[in-house]
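Engineer: For the sequence shown, this note's numbering assigns the number 169 to the initial residue and increments by one for each residue that follows.
Even glycine gets a Cβ: it sits at the ideal position worked out from N, Cα and C.
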Amino acid sequence: MAFAPVNDNLSYWQKQNQPLFSDLSWNIPERKTGHISIVGGNSQNLTTVIQISEFLGHNFPFESIKTFLPDDVRNKLPPISSLNFCPSTSSGSFDKSPTLNSAFEEATLLIGDLSKNAVTAIAINEAITRSSESKILFITRDAVDLLTPEIANILIRPRTFIMASVLQLQKICRTIYYPKMILLSQPLIPIIETLHKFSLTYPTTIITFHEGSIIVATQGKVTSTHLADTSYSPITLWSGQLAANIFAMNFYNPEHSLEASTTAILYKK
Numbered sequence: 169m170a171f172a173p174v175n176d177n178l179s180y181w182q183k184q185n186q187p188l189f190s191d192l193s194w195n196i197p198e199r200k201t202g203h204i205s206i207v208g209g210n211s212q213n214l215t216t217v218i219q220i221s222e223f224l225g226h227n228f229p230f231e232s233i234k235t236f237l238p239d240d241v242r243n244k245l246p247p248i249s250s251l252n253f254c255p256s257t258s259s260g261s262f263d264k265s266p267t268l269n270s271a272f273e274e275a276t277l278l279i280g281d282l283s284k285n286a287v288t289a290i291a292i293n294e295a296i297t298r299s300s301e302s303k304i305l306f307i308t309r310d311a312v313d314l315l316t317p318e319i320a321n322i323l324i325r326p327r328t329f330i331m332a333s334v335l336q337l338q339k340i341c342r343t344i345y346y347p348k349m350i351l352l353s354q355p356l357i358p359i360i361e362t363l364h365k366f367s368l369t370y371p372t373t374i375i376t377f378h379e380g381s382i383i384v385a386t387q388g389k390v391t392s393t394h395l396a397d398t399s400y401s402p403i404t405l406w407s408g409q410l411a412a413n414i415f416a417m418n419f420y421n422p423e424h425s426l427e428a429s430t431t432a433i434l435y436k437k
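(1) Could you round the C-beta distance between residue 238 and residue 202 to whole angstroms and report it? I think they count as a contact, below 8 Å.
(2) Please classify residue 432: does DSSP put it in a helix, a strand, or coil?
(3) Distance check for residue 301 and residue 180, CA to CA, integer angstroms please.
(4) Would you mind reading off the limits of the alpha helix (DSSP H) that contains residue 225?
(5) Taking a contact to mean a Cβ-Cβ separation below 8 Å, would you say residue 371 touches residue 326 in this structure?
(6) Verify whether the separation of the beta carbon atoms of residue 189 and residue 430 is less than 8 Å.
(7) Looking only at its own chain, which residues have a Cβ that is under 7 Å from the Cβ of residue 245, when we skip the five neighbours before and after it?
(8) What are the boundary residues of the alpha helix (DSSP H) that residue 417 is part of?
(9) Within a Cβ cutoff of 6 Å, which residues of the same chain sit near residue 329, ignoring the five residues on either side of it in sequence?
(10) Between which residues of its own chain and residue 274 is the CB-CB distance below 8 Å, once the five residues before and five after are set aside?
(11) Where do the N-terminal and C-terminal ends of the beta strand (DSSP E) with residue 237 fall, by residue?
(12) Residue 178 to residue 390, Cα distance in whole Å?
(13) Considering residue 277, what are the terminal residues of the alpha helix (DSSP H) in which it resides?
(14) Whole angstroms is fine: what's the gap from residue 219's alpha carbon to residue 210's?
(15) Rounded to a whole number of angstroms, what is the C-alpha to C-alpha distance between residue 174 and residue 386?
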C-alpha cells in the first residue's frame with residue numbers, strides 16, 4: 169500500500185472551541201428511524217453495554233436498538249425484547265454464532281468489555297468480515313485491543329471508526345508496520361501530522377485523545393477539541409458515551425464523517 173505524504177503547512181487541521189459544524193445537529197430526524205446493534209460485555213462485566221444502549225435509546229430517535237450479550241449473562245437480566253443473547257465461550261464471552269453474525273448486519277457499536285479471549289477475537293473478526301461495508305462499524309475501549317492482531321483487514325474497511333488511546337494506536341501502528349510511529353511522549357503536532365498521513369492511507373476514521381485534546385482524523389483532515397471545552401473528563405471520555413454520540417451522529421450524517429464526529433464532541437441533547 170502506498171503511504172501518503174505529510175502536508176507540512178497543517179492546513180488540514182481545524183481547532184474547535186465552538187461548534188465548527190453546528191448545522192449537522194439539525195440533521196437528526198424527529199421521527200424514529202434506523203436500526204443499530206450494540207455488542208459488548210462478558211459474564212463479569214455487562215454494565216457499560218446496558219448503559220450505552222439506554223443512553224442511545226433516550227437521546228437519539230432510532231427505530232430499533234438491539235443489544236447483543238453473551239448467553240452467560242442471561243440470568244442476570246430481566247427479559248427485555250431488545251436484548252439478544254449469543255452463545256458463550258467457557259469463560260463467558262462471545263463465541264462464534266449466527267446470532268453474533270446477525271449483530272453486524274446493521275450499523276454496529278462494538279462497545280467493549282469483551283475480555284482477552286482468542287476465541288472471541290476470532291468470532292468477532294469473522295462477523296466483521298461477513299458484514300456489509302456500507303454499514304457503520306465503530307470500535308472502542310478494549311475491543312480495540314482484542315482486534316489489533318487482525319486490525320489490518322479492518323482498517324481498509326470503509327465506514328469504520330476506531331476510538332482508541334494513543335497507546336492503542338501505537339500498538340496498531342506496530343501491528344501493521346506503519347512507517348511513522350505514534351508515541352505517548354510526542355507533542356500534539358507530530359501526532360496530528362501522523363494521523364493526517366494515516367487517514368489518507370486508510371479509510372478508517374480515528375478518534376483519540378492527547379495533550380488535553382480530543383482528535384478526529386479522516387480522509388487527511390484533522391480536528392482537535394480541548395477537553396476543557398467539553399462536558400467530559402479524562403475518565404468519562406472513555407465511558408462509552410462519547411463513542412455513542414459519535415456513532416449516532418455519523419449514522420445520521422453518513423457522508424460527513426469528520427464533521428459528524430467533531431460535532432458529536434460538543435453535542436448536547
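Structural biologist: Looking at the atomic coordinates:
(1) A Cβ-Cβ distance of about 25 Å is found for the pair residue 238 and residue 202, leaving them out of contact under the 8 Å criterion.
(2) Three-state DSSP puts residue 432 in a helix.
(3) Residue 180 and residue 301 have their C-alpha atoms spaced approximately 26 Å apart.
(4) That run of the alpha helix (DSSP H) goes 215-227.
(5) Yes, these two residues count as a Cβ contact at 8 Å.
(6) Between residue 189 and residue 430, the gap from beta carbon to beta carbon is short of 8 Å.
(7) Excluding five sequence positions before and after residue 245, the CB atoms of its chain that fall closer than 7 Å to its own CB belong to 251, given in chain order.
(8) Segment 409-420, the alpha helix (DSSP H) holding residue 417.
(9) If we look at residue 329 and ignore the five residues flanking it on each side, its Cβ neighbours are 306 and 373.
(10) For residue 274, where only same-chain residues beyond five positions count, the Cβ hits under 8 Å are 203, 204, 205, 234 and 303.
(11) Element bounds for residue 237: 232-238.
(12) Cα-Cα distance, rounded: 9 Å.
(13) Note, residue 277: premise wrong, no alpha helix (DSSP H); beta strand (DSSP E) at 275-280.
(14) A direct Cα-Cα distance of roughly 14 Å separates residue 219 from residue 210.
(15) Confidence at residue 174 is low in this model, with a pLDDT of 49, below 50, so its placement is unreliable and no value can be given for it.
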